[in-house]
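Numbering (my numbering), first residue to last: 1264 to 1716. Below is one structure, written out as structure tokens; comments come after it.
Written out as structure tokens, the structure is:
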């Protein structure tokens, strides 16, 4: 029995793998958007306008009538990460409360105050989206001034002010914190929506667990789902080791880490788009694509075709493209076939000369345009050529290395780069502008150092 239990446990552990996913680290630079959210939403001004209206179930405040709030100061927001919890928020602002006092005259109370609350970043169980939730809101008076007569007993005035303000301010200010978070939460709503990769499929970023908060950042772990147009999911290759951020970033900065396995899965959607059938005789700087030119590398061609014929080249990618990354360098691997045909007679199908298996690498440069990850490639090297079939007899395919290398550079790489212009979607959150990001190829991943400008 014990042996069976051990075997079951070992099996369970063996099945557990490191999800390549994608990691998002939000530093204080991005989280300070709460400040802009409060400014954009004008929530304090709206709360002030509502303060004088009768609210259902709200009891009148003894000693003051015709309550109004005016002259709300622009808030200063201070945020601090609370490890394991979320963000501690302090909003410093000021305002003037007016009304008719218990003495019958107009009363003005000018206050400076701090509103404090802890904002937890959670994972909504229904939507799977990140969501901020506020708790423990308190209003702390910093300074109070009033136009009540100075000859009134200080204790009476203080008791009145204390009673009035503690009734008015929490009900006025704490909902403002909640309203700002609702405004911010709306900027997460598109995060898990499927985004098109050209016309061949989609990717969506699924939050795997509750975001983790440290003293310097909040980290979100994603399990991206890459789906073909017909609904079949492309499984991400096993990364083999955990995806981690490299060290050495500025305190409070934000980064997005995309593993090479994810980019490979997205490019797998485009695999058929990398198939080409080139019939042009003149291509770039290449010599004419004819049997006469080819005979300079393979003499057997001139025997089969003493009269020069135009060439047609067909390249098919047989395995899903694979992206690999080492610090400072990224390669795109293609495994496929290259078949050359000679035009025969008008109205007849071209004749296959030979079929080669090819493996070549492309160097990749990354950029961002219109919030899409862009890839531009150039030939790194032709790694292998092997002959699968030939209608012109045996020949040494290695003699074609230079010819095929030039052909790939001039004829095929432009096709690849044209296909890649579709761009790869990036996580849509908090209205992030990726166009300002600095990109860096690290071990097994592409890192985007996010900037707000």
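The C-beta atom is built at its ideal place from N, Cα and C for all residues, glycine as well. These numbers come from a predicted model, not from an experiment.
Opposing strand residues paired with residue i [DSSP bridges]
i            : result
residue 1629 : 1638
residue 1599 : 1580, 1621
residue 1386 : 1393
residue 1344 : 1350
residue 1522 : 1708
residue 1605 : 1574, 1614
residue 1357 : 1375
residue 1491 : 1464
residue 1587 : 1594
residue 1362 : 1370
residue 1482 : 1288, 1475
residue 1540 : 1577
residue 1458 : 1466
Local Cβ density within 10 Å of residue i, reported as buried at 16 or more and exposed below that
i            : result
residue 1632 : exposed
residue 1416 : Note that residue 1416 has pLDDT 48, beneath the 50 cutoff, so the model's placement of it is unreliable and the number below is only indicative. It is exposed - the Cβ of residue 1416 has fewer than 16 other Cβ atoms within 10 Å.
residue 1499 : buried
residue 1552 : buried
residue 1701 : exposed
residue 1593 : buried
residue 1572 : buried
residue 1717 : Nothing about residue 1717 can be read from this structure; the chain reaches only from 1264 to 1716.
residue 1569 : exposed
residue 1609 : exposed
residue 1697 : buried
residue 1717 : The displayed coordinates of the chain run from 1264 to 1716. Any statement about residue 1717 would go beyond what the structure contains.
residue 1708 : buried
residue 1481 : buried
Which of helix, strand or coil DSSP assigns to residue i
i            : result
residue 1463 : coil
residue 1689 : coil
residue 1657 : coil
residue 1666 : helix
residue 1516 : coil
residue 1673 : helix
residue 1287 : strand
residue 1714 : coil
residue 1267 : With a pLDDT of only 37 at residue 1267, under 50, the local geometry of the prediction cannot be trusted, and no value is derived from it.
residue 1700 : coil
residue 1368 : coil
residue 1407 : strand
residue 1545 : coil
Residue i CB to nearest heavy atom of the ligand SAH below 7 angstroms
i            : result
residue 1670 : Among the ligands in the structure shown, none appear at all, so the ligand SAH cannot be discussed.
Worksheet item: Three or more beta-carbon pairs under 8 angstroms between the segment 1631-1640 and the segment 1562-1571, yes or no?
Response: no
Fill in: Three-pair Cβ contact test at 8 angstroms for the segment 1612-1628 versus the segment 1492-1509
no
Fill in: Runs of alpha helix (DSSP H) lying entirely within the segment 1548-1580, each at least 4 residues, in chain order
1554-1558, 1563-1567
Worksheet item: So does the segment 1698-1712 actually touch the segment 1509-1528, counting three or more Cβ pairs closer than 8 angstroms?
Response: yes
Worksheet item: Okay, do the segment 1643-1656 and the segment 1681-1690 touch, 3+ Cβ pairs below 8 angstroms being the bar?
Response: no
Worksheet item: Any contact of the segment 1572-1585 with the segment 1534-1543, i.e. 3+ C-beta pairs under 8 angstroms?
Response: yes
Worksheet item: Does the segment 1455-1463 come close enough to the segment 1473-1481 to have 3 or more Cβ pairs within less than 8 angstroms?
Response: no
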